[in-house]
Amino acid sequence: MYSILVVPGPTMAPAAHIRLAPGQTLRFGREEAGDGSLYVPHAGVSRSAGEIAATGTYWSLSNLSGSSTYVVENPEGAGEHIKIAPGRLGAPVPFEFSRIVLPAGSELLTLDVWAPRHDFADRDAPGEPDGEPTALAFPLDRSSRYFVVLTALCEPRLRGEPHASLPTVEQVVERLKPVWPAANRAAVQWNIDYLAVKLRLKPGPDTADPGPRLVGKKEILVSLALRFDLVREYDLAVLPAAPTGTAR
-8 MYSILVVPGP
2 TMAPAAHIRL
12 APGQTLRFGR
22 EEAGDGSLYV
32 PHAGVSRSAG
42 EIAATGTYWS
52 LSNLSGSSTY
62 VVENPEGAGE
72 HIKIAPGRLG
82 APVPFEFSRI
92 VLPAGSELLT
102 LDVWAPRHDF
112 ADRDAPGEPD
122 GEPTALAFPL
132 DRSSRYFVVL
142 TALCEPRLRG
152 EPHASLPTVE
162 QVVERLKPVW
172 PAANRAAVQW
182 NIDYLAVKLR
192 LKPGPDTADP
202 GPRLVGKKEI
212 LVSLALRFDL
222 VREYDLAVLP
232 AAPTGTAR
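Counted the way the numbering used here counts, the sequence shown spans residues -8 to 239.
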């Protein structure tokens, strides 16, 4: 039974998808070995650049380059990625859908790797013994105004632009007008300030010590929300229909 599927980039050979069973490996690099390896014809890629190894439910990447750091992105994770340093062997990759980014001179070459769907514990199975329930780390009400504001802030990165600039408060106001006609700058800013307190980025107004001024509040909120999956792609449903031409 095959474990992972490797999808070569446009200039690589073979061009067809490559299936690997658990225990199998795939070398890639600039050297055309003729042994089933993936040929990457670019002068900026090492002759023996790396190796992909399949296991049962994940895969690993070895960086055989002497100087280039490889990046493995999660295209569905709004900027989530891991870095594989030169010489690192057998680095496990936790994403179901991954994109390997290879620095090659002035270009960035990519190839995709699809892993099996991950297994998860049965959420309906009996959990903790009788007693107090576990407190949620980030208790958010998904029906609230503040969650809609947070989702609007995260939207550009959730739509596949991990390095997109965050919307301004005025842009959030315009984005939410169809579902929140009374939205204005003060109301949106209040919700952003409330989120900063709720997610424990700054003390509440009833605290004697207000703490230092929080610089880059929106960026910190979005980074926290995306890092811990507080807002995910399916949460975009709380927003009005995306404007024509918005990336998906």
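Cβ atoms here follow ideal geometry from the backbone N, Cα and C, with glycine treated the same way.
In this text the structure is predicted, and so the values were computed from the model without any measurement.
* Mark phenylalanine 138 as exposed unless 16 or more other C-beta atoms lie within 10 angstroms of its C-beta, in which case mark it buried. => buried
Query - alpha helix (DSSP H) runs contained entirely in the segment 106 to 165, provided each spans 4 or more residues - result: 136 to 149
Buried or exposed: serine 156, going by 16 or more other Cβ atoms within 10 Å of its Cβ? exposed
Three or more beta-carbon pairs under 8 Å between the segment 85 to 105 and the segment 64 to 74, yes or no? yes
Taking just the CA atoms, how far does lysine 193 sit from arginine 80? What sits at residue 80 in the sequence shown is leucine, not arginine. Answer to the nearest angstrom: the Cα atoms are 41 Å apart.
Exercise for the section: Could you spell out the range, first to last residue, of the alpha helix (DSSP H) harbouring leucine 192? Expected result: Neither: leucine 192 is in no alpha helix (DSSP H) and is coded neither H nor E.
ask   = Would you call alanine 199 buried or exposed, if buried means 16 or more other Cβ atoms sit within 10 Å of its Cβ?
value = Bear in mind that a pLDDT of 46 at alanine 199, under 50, signals an unreliable position, so the model cannot answer this.
* **Alpha carbon of alanine 177 to alpha carbon of leucine 144, nearest angstrom** => 16 Å
What separation, rounded to the nearest whole angstrom, lies between the Cα atoms of glycine 68 and proline 158?
19 Å
Report task. Could you tell me which residues DSSP pairs with alanine 24 in its beta bridges? Result -> In the DSSP assignment, alanine 24 forms no beta bridge with any residue.
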